[in-house]
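Q: Let me give you the structure first, and then I'll get to my questions.
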Amino acid sequence: MKGLGETFGSGAMTNDFKSIKEADVLFVIGSNTTETHPVIGSWIKECKAKGAKLIVCDPRKIELSRYADVHIRHNSGSDVALVNGIMHVILRDGLQDQAFIDERVENFEALRKVVMEYTPEKTSEITGVPAELIEEAARTYAAGPNSAIFYTMGITQHQSGTDNVRSLANLSLLCGMMGRPGTGVNPLRGQNNVQGACDMGALPNVFTGYQKVDSKDVRARMSDLWACGDLPASPGMTLVKMMEAAGKGDLKSLFIMGENPMVTDPDTNHVRHALENLDFLVVQDIFLTETAQMADVVLPAACWAEKEGTYTNTTRTVLRVRKAVEAPGEARADWEILNDLARSFGAAWDFRSASDVFDAIAACTPSYGGLSHRRLDEGPLAWPCPTADHPGTPNLHVGKFARPNGKATFAPREWQKPHEWPDEQFPFLATTGRILYHYHSGSMSRRSAPGEFVRELFIEINPADAQALHVDEGMMLRVTSRRGTVSGKAKITDRVPPKMIFLPFHFAEAGANLLTAAVVDPDSETPAYKISAVKVEKA
Amino acid sequence: MGLYRSHVLICGGTGCVSSGSLEVLEALKKGLAEKGMDKEILVVSTGCHGMCEMGPIVVVYPEGTFYCRVTAADVPELIEEHLYKGRVVERLIYKGEGKASDVPHYTEIPFYKKQHRIALRNCGYINPDSIDEYIARDGYAALVKALTEMTPEAVIEEVKTSGLRGRGGGGFPTGLKWSFCARSAGDKKYVICNADEGDPGAFMDRSLLEGDPHAVVEGMLLGAYAMGANEGYIYCRAEYPLAIKRLKRTIEQATEYGLLGEHILGTDFSFELHIKEGAGAFVCGEETALMASIEGRRGMPRPRPPFPANKGLWGKPSNINNVETWANVPSIIRNGGEWYAAMGTEKSKGTKVFALTGKVNHTGLVEVPMGTTIREIVFEIGGGILNGKKFKAVQIGGPSGGCLTKDHLDIPISYESLSQVGAIMGSGGLVVMDEDNCMVDVAKFFLEFTQAESCGKCPPCREGTKKMLDILTRICAGKGKPEDLEALEYLGTMIKETSLCGLGQTAPNPVLTTLRYFRDEYEAHINEKRCPAGACTELTRFIIDADKCIGCTKCARVCPADAITGAVKQPHVIDQDKCVKCGACAEACPVKAIDRR
Amino acid sequence: MQAIDLTINGKKIAAEPGMTILQAARKGGIHIPTLCEHPAIPIAGACRVCLVEVENSPKLLTACSSPVAPGMVVHTHSPRVLAARKAVVELILIRHPLDCFSCSSNGKCELQDVAYELGIKASPFTDEGDTCRDYALEDANPFYVRDMNKCILCGRCIRACDSLARYHAIDFQNRGIRTMVHPPVGKDLEHSDCTFCGQCVQLCPVGALSEKASTGQGRPWELKSVKTTCSYCGVGCELNVQVNTRTGRIANVTTDYLSPTAVNEGRCCVKGRFAWQYVHSDDRLTRPLIKENGAFREAEWAEALSLVAGRMTAIKEDFGPDAIGFFSSARCTNEENYLLQRLAREVVGTNNVDHCAHL
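See below:
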């Protein structure tokens, strides 16, 4: 988000789904697309089958790599070096789109300077990728004519996550792969409404539509619209900071809606301590989750099929969610609970329906200004959609970027060593992620059919390592990091390279996040889930 | 090539190899070398001569002496007598109907006399592994002519003029088919050779590929030039290892000679040829299934349109012809379309290769002008029915064809005449049947084949042929019902009407034609529980003629099932419930008192 | 583009170029029965049920695969066509079990519809000894059941897997009467490339593939369809939740390949289609809970809400608004996220609001 925001002026996925099918080259990095976004995965495969070229960069041998023209298995945490190496080849061979750069991008010389250092040889040394593959990836991507980049958490969940994103943005600008169908830099959003939650201002520094809280004008407008007094001016704490503050006793109370940090946040032991340290914890959820069990008050919420509303998907498209069945017992929709809670505080809120709430959103959010439930009932629309007759915006950056002068800027970055790296004591690199059959903390998917299919934690380990540990398929492994220990059944597969293990994080009773560090990317505060140094033993 | 006073041609076709021709070849080479004659006499391993059941075949030139069933043990005598002293080894020469003293020239033998070899012109004459020998027989002259003197359109015109029609079964005019593909827009086109010969008993394609592979390749080159294709595939069944080996050699040689690859003969024409081995599914002979198989998918036909000429292999315009069709093309271009059109009937021009098998004296591969009658093929070329039995029927066109009777013997063979009587030309299988063949059983045999080979895609073929087979099996087991015949006719008609591809549309033909021409045999099975030909085991009965039986007890003693009882010197009786129909009693009976019915 | 004029059953129809006879007929409101055809997947021409008679064409043509041509005269229900169609359905029915009573597809079975239309009760050719009628039920996975005895080999599932899921997990195996749909030889479904997206199940025209969780949850005519958006990832697939109007419970989840509003174009994954049972899970929270002496007790809404407001107000007064934090959720709706940040900012007066954008 942040990486794209500063280079292009907007942090969202640049292109729509239709655009995928028009790409000539698909560059997939840090995204196990067929498991995390299966439908997008199917489009990528379809596009490849119709003749597009596919470049897959992932330390793991993910399914898409089967179809890849170029498969790069670079070392975890070496993304910036890899992309710099690719750009080096492009510049060395003059494959960049100079006209595009001259017309629409700033800061080219700075990029050239940084990238000059990353010869294929040096890049190969850092990334562990043969120089020829780097060269081939560079030629293939630059040849286009339309090349699109796709990434997911494999890029962002690093200490250098924002730098990784900046590097990919640099690459796309270098080759002019922007503003046309089949191009762009496309972060595939992991959760159903992560785009919407950001758009709605569920962030410490912005109101809806990324209107900054530290802007006096914005605050004035908001307090006008909300008919309230002065609004707080300084940006608040991020999730990780709030957890830290709770641990230290600076934060006294926490209201958690639909979150389960005891499973999903890094360093579970630290999270437990922080939550225990609070004076007053409220959890609003559909199940008595691991986090809810620690609460002072638990508020029962309606779930997905039980309420009206909207989600905004990874292509900024706003979609209707509709009520199909009644919520059980006295459970109520989150918006209703929040409305009544505000009234309990004494506020004069009176929202009668989700549609009412949406109209309030539209009133204070320019990019949502032209949207309403009534309009969305006809079909989804992509923001920006400022007015009721605006058709929506499927593709961003056509012709000009959303920065003040309309130009994008290169943001060259040097590769930095990851925060933690395997050593003698912790010789393995552990990476966490999702699997096809489960979602997040598993509270929904594990209570449905997929829960019967994949019941428990498994740990992917390379056959060579399994042999060295005298471990057979299905035997228990114990994995220990500086922060904790977790056990699970060995799944012996060459999907992971030697000395790397992969753990899905959906299983609360064997939580992969017992291992991870609460180390965050300083720019985006995204936890570095993808790298933990661990030792692996036969349990 | 050096000069030799004599050439000894040994058949290296699959038939002769299996009867020992490789040993004969070795013995000849060794024997000649020992005698120091290897500089004056050249031994050549050729393709199939056609008369496979007489193999191994050896022909000595320039005399054209035709030796058959030669073994390695015969070789010293052959060298000593014929090659050294010039005296024919009479005991090894082909006897046929003539007297032993007549030593006919190869081409005077009845089996060859009536034949007219165009597609097979080099089979048995040249070493198929030698491009030089092919070139010596005017090989690649047609290609040179086309590339240097003719436009692609002119090549197509010439093929149109020849009247050549698809030899794989359908009989679609080849020139017209080419013109569709030539007209189809696209920078990438394919030509494909269908060598997925799958009919039981058919070996035309195999013999051609083994005996004269360059002719097929030259034909494809001409087609590719005419249609604007630059890539081709030969889809050959993996069960033909020798053909595949020879084709690989052929492609290597042609590439070496600049006849395949980039800028052929210095022109702008380039052509790359691949061999794709098929897994032996009969349905892959259907062109859309064949293309699916080349693309690596399961070989299943798809509806047309789109036709391959517009959307074929990998969605590109493609043209498929079978081996024999391609092999005819060089001769047509070399000699002109009118030359070819001078042979045959009004609508079916040129010649056709048949694989003659079954109850006939000389089985083998024959090429005759269109318009030749079945009688000429069976009785003159084939030498009549084995063991002097009575001719009963001939199945033309393989499992998709039909059974014809003695009433059809004088039909001049053409695409039209055969389809009029319910058979098809097919790829040229010709199975001769005599009085011992049960026509219900024959129909069942072919249906078993098509059902087993049905790709399973469409219900008529998958379910319908199985149901017909069930009914036939029932009839042959004596459990037929009178309404079964009506059911067979209904199912057969509907399967023809509704099936997706040619396999299904023709699968009922053997049943429908035998029902039409041999209905009495079906009725005997159903109404009298009797197989007139005595072929259906479950309907066979062994009965002791009480008048003839002398009560010697031999039959009772050999019976493995203790089904025969009777006192000594008294007529014996067979218990039909116990009888296992092995026939041991009939063989043992000294007075032929036991009848098989 | 110039329209192509043709006549179907005496009715003039202006078809678009590239249309098939079937599409033209549908455009003109003329019904031609089909089994293997589905608009979302490539044409196969396999089932032969849509055969029609075209004047000047010696053979019957499959309407699904034959393109229209100017001046074409088509008969979809001539005696010849009806005889052929009847024969085809009789053949398909030879091995198809007639246990419609308990079949989950009863009421939406397309074979049932065609047989009904043609007045066929059963195949006249079914015999005791028919082979390949005793396939074992395959139900090793929690998602769907395969009953190959009901399979009519139309191949829709294979084409769905190839062209929609893009896996090619299954194909036809064997030949002749033994032809069946199966993963590659020697593999069962659970160890194949299948990812259980269930698109094959939805496209199955009969009951050969059926969803496990929806067994007994409602007949097709008891269900109402509610169009909504999937909550399992950022794609935002449009789903249709099928609700039993009698029980008020979800029976299953489907997609619509022809929906103009579906960003997923009808595609979906295992979670979207099969991970809905949690909605009716017994351990859903149904009443507010208040912790007293380390244990939860149930409470009324009013009590719970005023407790929350009261405690937080007190903390705000003692430590300032920034001693309170709000975790919003990327799984909740826009409306809910909006209200939560507004609650934090407007009502409590802190910018301490965030959500798990990065997890």
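Chains as they are written, first to last, in numbering that gives the first Met the number 0: chain A, 0 to 538; chain B, 0 to 596; chain C, 0 to 358. All C-beta atoms, glycine included, are put in the ideal place defined by N, C-alpha and C.
(1) Using beta carbons (cut-off 8 Å, strictly below), is A:Tyr150 in contact with chain C?
(2) Using 8 Å as the limit for Cβ to Cβ distance, is B:Leu487 near chain C?
(3) Let me see if you follow: with CB-CB separation under 8 Å, is B:Glu345 close to chain C or not?
(4) Check the Cβ of C:Lys226 against every Cβ in chain E and list those closer than 7 Å, keeping chain order.
(5) So, for B:Thr564: in the same chain, excluding its five sequence neighbours on each side, which residues have a beta-carbon less than 8 Å away from its beta-carbon?
(6) So who's on the other strand from C:Pro66, going by DSSP bridges?
(7) What three-state label does DSSP hand B:Asp198 in the structure shown?
(8) If you draw a straight line from the alpha carbon of B:Gly162 to that of B:Tyr111, how long is it in whole angstroms?
(9) Considering only the beta carbon of each residue, do C:Arg47 and B:Thr497 sit closer than 8 Å?
(10) Restricting to Cα atoms, I'd like to know which of C:Lys107, C:Cys331 and C:Asn239 is closest to C:Gly233.
(11) Where does C:Arg272 fall in DSSP's three states?
(12) B:Met36 lies in the beta strand (DSSP E); which residues open and close that run?
(13) Apply the 10 Å Cβ neighbour rule to B:Lys443 and answer buried if 16 or more other Cβ atoms are within range, or exposed otherwise.
(14) Any idea if A:Pro403 is buried or exposed, counting beta-carbon neighbours within 10 angstroms, 16 or more meaning buried?
(15) With 8 Å set as the bound, which would you pick, yes or no: does the beta-carbon of C:Leu208 sit closer than that to a beta-carbon of chain B?
(16) Counting only beta-carbon atoms, is A:His389 nearer than 8 Å to chain C?
(17) For the region 223-240 of chain A and the region 316-327 of chain C, state whether three or more C-beta atom pairs, one from each stretch, are separated by less than 8 Å.
(18) Would you kindly work out how many angstroms separate the C-alpha atoms of A:Pro299 and A:Leu90, rounded to a whole number?
(19) Taking 8 Å as the threshold (beta carbon to beta carbon), is B:Gly421 in contact with chain C?
(20) Can you confirm whether C:Val87, when its beta carbon is compared against all beta carbons of chain B, has any partner nearer than 8 Å?
(21) Counting contacts by CB-CB distance shorter than 8 Å, is A:Glu413 in contact with chain C?
(22) Run through DSSP, which three-state label would B:Val557 get?
(23) Shortest alpha-carbon distance to A:Ile148 belongs to which of A:Gly257, A:Ser30, A:Arg481 and A:Ser447?
(24) With three or more C-beta pairs closer than 8 Å as the rule, is the region 69-83 of chain A touching the region 41-48 of chain A?
(25) Kindly indicate which three-state DSSP category A:Ala226 falls into: helix, strand or coil?
(26) Starting from the Cα of C:Ala168, find the closest Cα among C:Asn148, C:Gln198, C:Gly175 and C:Cys150 and give me that residue.
(27) Of the choices A:Glu459, A:Ile39, A:Glu413 and A:Ile460, whose alpha-carbon is the least far from that of A:Lys112?
(28) Would you list, in sequence order, the uninterrupted beta strand (DSSP E) runs of no fewer than 3 residues that lie entirely inside the region 120-148 of chain C?
(29) For C:Ala301 and C:Arg341, I'd like the C-alpha separation in whole angstroms.
(30) Below 8 Å between beta carbons: does that hold for B:Ile274 and B:Ile293?
(31) Pull the bridge partners of B:Pro172 from the DSSP assignment, please.
(32) Taking only the alpha-carbon atoms, compute the straight-line gap between C:Ser213 and A:Gly441 and give it to the nearest angstrom.
(33) With 8 Å as the threshold, decide whether the Cβ of A:His36 is near any Cβ in chain C.
(34) Pick from B:Gln394, B:Glu152 and B:Ser17: whose alpha carbon is nearest that of B:Pro199?
(35) For C:Ser191, which of C:Met18, C:Asp170, C:Thr228 and C:Thr227 has the nearest alpha-carbon?
(36) Using a threshold of 8 Å, state whether the C-beta atoms of A:Phe504 and A:Thr431 are closer than that.
A: From the atom records:
(1) The residue labelled residue 150 of chain A in the question sits at position 151 within the first sequence. Answer no: the Cβ-Cβ gap between A:Tyr150 and chain C never drops below 8 Å.
(2) Reading the second sequence from its first residue, position 488 is the one you call residue 487 of chain B. Using a Cβ-Cβ cut-off of 8 Å, B:Leu487 does not count as an interface residue toward chain C, since no Cβ of chain C sits closer than that to its own.
(3) Translated into the one-based positions of the second sequence, residue 345 of chain B becomes position 346. Taking a beta-carbon distance threshold of 8 Å, B:Glu345 does not count as an interface residue toward chain C.
(4) Of the protein chains in this structure, namely A, B and C, none is chain E.
(5) Position 565 of the second sequence, counted from the first residue, corresponds to residue 564 of chain B. So the qualifying residues of the chain are Ala555, His571, Val572 and Asp574.
(6) On the third sequence, residue 66 of chain C is found 67 positions in, with the first residue counted as 1. According to DSSP, which records beta bridges pairwise, C:Pro66 is partnered with C:Thr19.
(7) By one-based count along the second sequence, residue 198 of chain B stands at place 199. Correct three-state label for B:Asp198: coil.
(8) Locating residue 162 of chain B in the second sequence gives position 163, where the first residue counts as 1. Locating residue 111 of chain B in the second sequence gives position 112, where the first residue counts as 1. Straight-line Cα distance between these residues: approximately 25 Å.
(9) Translated into the one-based positions of the third sequence, residue 47 of chain C becomes position 48. Translated into the one-based positions of the second sequence, residue 497 of chain B becomes position 498. In this structure, B:Thr497 lies closer than 8 Å to C:Arg47 by Cβ.
(10) Counting from one through the third sequence, the residue named residue 233 of chain C turns up at place 234. Taking only the C-alpha atoms, the option nearest C:Gly233 is C:Cys331.
(11) In the third sequence, residue 272 of chain C corresponds to position 273, counting from 1. Shown here, C:Arg272 sits in a helix according to DSSP, grouped into three states.
(12) Numbered from its first residue, the second sequence carries residue 36 of chain B at position 37. That residue, B:Met36, is in no beta strand (DSSP E); it is neither H nor E in DSSP.
(13) Taking the second sequence and counting its residues from 1, one reaches residue 443 of chain B at position 444. Answer is buried; the Cβ neighbour count reaches 16.
(14) Here residue 403 of chain A corresponds to residue number 404 of the first sequence, with the count starting at 1. Note on A:Pro403: under 16 other CB atoms within 10 angstroms of its CB, so exposed under the neighbour-count rule.
(15) Here residue 208 of chain C is taken as the residue at index 209 of the third sequence, counted from 1. No, because no Cβ of chain B sits closer than 8 Å to the Cβ of C:Leu208.
(16) Taking the first sequence and counting its residues from 1, one reaches residue 389 of chain A at position 390. Not closer than 8 Å to any Cβ of chain C, the Cβ of A:His389 fails to qualify, so no.
(17) Three or more Cβ pairs closer than 8 Å define a contact, and the region 223-240 of chain A meets that threshold against the region 316-327 of chain C.
(18) By 1-based counting over the first sequence, the position of residue 299 of chain A is 300. By 1-based counting over the first sequence, the position of residue 90 of chain A is 91. Taking the straight line from one Cα to the other gives about 57 Å.
(19) As a working note, residue 421 of chain B is residue 422 in the second sequence. Output row for B:Gly421: interface = no.
(20) Within the third sequence, the letter at position 88 stands for residue 87 of chain C. True, the Cβ-Cβ gap to chain B drops below 8 Å.
(21) Indexing the first sequence from 1 puts residue 413 of chain A at position 414. By this cut-off, A:Glu413 is not an interface position.
(22) Locating residue 557 of chain B in the second sequence gives position 558, counting from the first residue. Reduced to three states, the DSSP call for B:Val557 is helix.
(23) What you label residue 148 of chain A is simply residue 149 of the first sequence in a count that begins at 1. Looking at A:Gly257, A:Ser30, A:Arg481 and A:Ser447, the one whose alpha-carbon comes closest to that of A:Ile148 is A:Ser30.
(24) Touching, no, given that fewer than three Cβ pairs across the two stretches are closer than 8 Å.
(25) To locate residue 226 of chain A, count along the first sequence from 1; it is residue 227. The answer is coil: DSSP assigns A:Ala226 none of H, G, I, E or B.
(26) Numbered from 1 along the third sequence, position 169 holds the residue referred to as residue 168 of chain C. It is C:Gln198.
(27) Looking up residue 112 of chain A in the first sequence gives position 113. Just measuring C-alpha positions, the residue of A:Glu459, A:Ile39, A:Glu413 and A:Ile460 sitting nearest A:Lys112 is A:Glu413.
(28) For the region 120-148 of chain C, the full-length beta strand (DSSP E) segments reaching 3 residues or more read 143-145 along the chain.
(29) Sequence index remark: in the third sequence, residue 301 of chain C carries index 302 (1-based). Sequence index remark: in the third sequence, residue 341 of chain C carries index 342 (1-based). One alpha carbon belongs to C:Ala301, the other to C:Arg341, and they sit about 21 Å apart.
(30) Here residue 274 of chain B is taken as the residue at index 275 of the second sequence, counted from 1. Here residue 293 of chain B is taken as the residue at index 294 of the second sequence, counted from 1. Against a cut-off of 8 Å, the Cβ pair of B:Ile293 and B:Ile274 comes out as no contact.
(31) Here residue 172 of chain B corresponds to residue number 173 of the second sequence, with the count starting at 1. According to DSSP, which records beta bridges pairwise, B:Pro172 is partnered with B:Arg164.
(32) The residue labelled residue 213 of chain C in the question sits at position 214 within the third sequence. The residue labelled residue 441 of chain A in the question sits at position 442 within the first sequence. Those two C-alpha atoms are separated by around 22 Å.
(33) Within the first sequence, numbered from 1, the residue matching residue 36 of chain A stands at position 37. Cβ-Cβ to chain C under 8 Å: yes for A:His36.
(34) In the second sequence, residue 199 of chain B corresponds to position 200, counting from 1. Answer by Cα proximity: B:Gln394.
(35) On the third sequence, residue 191 of chain C is found 192 positions in, with the first residue counted as 1. Cα-wise, what sits closest to C:Ser191 is C:Asp170.
(36) Looking up residue 504 of chain A in the first sequence gives position 505. Looking up residue 431 of chain A in the first sequence gives position 432. Yes; because the gap between Cβ atoms is below 8 Å, this pair is in contact.
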